[in-house]
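Chemist: Next up is a structure, given as C-alpha cells.
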Amino acid sequence: MHKRASFLITLFGLSLFVQPATALELTFDQLKKIAEQGHPVAQYKMGKIFFNGNGVAKNDNDALIWYQKAAEQGYIFAQYTLGVIYQTGNGATKDYAKAYNWYKKAADQGYAGAQNKLGIMYENGQGVTQDYQQAIKLYSQAAENGYAGAQYNLALVYYNGLGVPQDYVKAYIWCAMAADNGHSAGKNYLTLITSNMKSNELKNAQKQRLALNKATTP
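Residue numbers for the sequence shown follow this note's numbering, beginning at 1080 and rising by one.
Shown next as C-alpha cells:
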C-alpha cells in the first residue's frame, strides 16, 4: 500500500541537492531512506505518516520513534508535536513531565506555540507547580510574536485577575489583538469584556490599541 503513496516534503540543507530548500514528491521508500540517513525533516514527515495512517497502517509507536529522532536533532515541530502527544495522551500514555520537556526545548528556540503551551501548563499546574507569573511570562513571549492563542490567554488572565490585578484595559487590548489575528473565541470574548468596561476604560483601551497597531504596522 505505502509503495503507491507519495509525499510532498521540503528538505532544508540536504547535501544531495544544490538548492538549500527543495520541495520534492517522494515515495514512502524514498522518504524512509532519507530519514534513515538522519535528515530531521524527513524523520518528522515519517512520524506524521505513521501517526495519521497516511498510506500506511497507523502506528503510534513508529510515529513516536520517528518524531523523537527528529526532535533530538532540535527540529522544533517534532519537539512541539511530542509535547502535544504527551500532554493530551493522544498517541502515547499521558506524561506531563515529558510534555513539559519537549515543549521547553521548542520554546527555548523561540517557537511561540510551545511557549503558549508551557504557559497553559503553568497556569493549570500540569506537571509543574501552578505559577501564574511564569504563565504570564510565557504567554507574553508568544503574544508579542503575534501568536493569537497566547494573546487570548493573556486576555483571560487579565480579565479574571489570575496572579495579577484585574485589568479590563489590558484584557481588551490583548483580546482585540487575538481577534484581529483570527481567533474566533477572542472575537466573542471581546464583546463580554467590553460589556463590563466603564466608558473611560473602553476609550483608554481603544486608544492604546490604536497606538499599538500603528507602532507595529510596517
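Where a beta carbon is used, it is the ideal one built from N, C-alpha and C, also for glycine.
Model, not experiment: these values are computed from the prediction.
#1: If contact is defined by three or more beta carbon pairs under 8 Å, each pair taking one atom from either stretch, is the segment 1244-1254 in contact with the segment 1207-1215?
#2: In or out: N1195 buried (at least 16 other Cβ within 10 Å) or exposed?
#3: Which class does Q1230 belong to by DSSP, given the choice of helix, strand or coil?
#4: Can you tell me the Cα-Cα spacing of G1170 and A1290, whole angstroms?
#5: First and last residue of the alpha helix (DSSP H) that includes Y1179?
#6: Cα separation between T1208 and K1112?
#7: Quick one: what does DSSP say A1171 is sitting in, helix, strand or coil?
#8: Considering Cα atoms alone, identify which of K1266, N1260 and A1250 is closest to N1304.
#9: Quick one: is G1132 buried, meaning 16 or more other Cβ sit within 10 Å of its Cβ, or exposed?
#10: Please look up how many angstroms separate the CB atoms of A1191 and A1229, rounded, as I've assumed it's under 8 Å.
#11: Reducing DSSP to helix, strand and coil, say where A1100 ends up.
#12: What is the DSSP secondary structure of G1206, counted as helix, strand or coil?
#13: Distance check for I1252 and Y1159, CA to CA, integer angstroms please.
#14: Out of N1224, Q1287 and F1156, point me to the one whose CA is closest to V1248's CA.
#15: Restricting to Cα atoms, I'd like to know which of N1239, N1224 and M1256 is closest to Y1231.
#16: From what residue to what residue does the alpha helix (DSSP H) around P1119 run?
#17: The alpha helix (DSSP H) that contains D1259, what's its start and end?
#18: Would you please state the rounded distance, in angstroms, between the beta carbons of L1178 and G1206? I believe it to be under 8 Å.
#19: Who are the near neighbours of I1155 in its chain, counting only those whose CB is closer than 7 Å to its CB and skipping five residues on each side?
#20: How about A1150 and A1142: do their beta carbons lie closer than 7 Å?
Modeler: Taking the coordinates as given:
#1: At 8 Å Cβ cutoff, the stretches do not touch.
#2: N1195 counts as buried, since no fewer than 16 other beta carbons sit within 10 angstroms of its beta carbon.
#3: When DSSP states are grouped into helix, strand and coil, Q1230 belongs to the helix group.
#4: One C-alpha to the other measures close to 45 Å.
#5: That run of the alpha helix (DSSP H) goes Y1175 to D1187.
#6: Near 43 Å, if we compare the C-alpha coordinates of K1112 and T1208.
#7: Residue state, collapsed to three classes: coil.
#8: Because the chain here runs from 1080 to 1297, residue 1304 falls outside it and cannot be looked at.
#9: Answer is exposed; the Cβ neighbour count stays below 16.
#10: Indeed they touch by this definition, with Cβ atoms about 7 Å apart.
#11: The predicted position of A1100 is uncertain, since its pLDDT is 43 and thus under 50; no value can be drawn from it.
#12: In this structure, G1206 counts as coil in the three-state DSSP scheme.
#13: Cα to Cα, the separation comes out at about 28 Å.
#14: Ranking the options by Cα distance to V1248, first place goes to Q1287.
#15: Nearest C-alpha to Y1231: M1256.
#16: Where P1119 is concerned, the enclosing alpha helix (DSSP H) stretches over P1119 to N1131.
#17: Per DSSP, D1259 is one residue of the alpha helix (DSSP H) stretching across Y1247 to D1259.
#18: Before going on, a small fix: residue 1178 reads as Ala here, not Leu. Between G1206 and A1178 the Cβ distance is about 6 Å, and since that is below 8 Å, they are a contact.
#19: Excluding its 5 nearest sequence neighbours in each direction, I1155 has C-beta neighbours in its own chain below 7 Å: A1185, Q1188 and Y1190, listed in chain order.
#20: If you check the CB distance, A1150 and A1142 do not come in under 7 Å.
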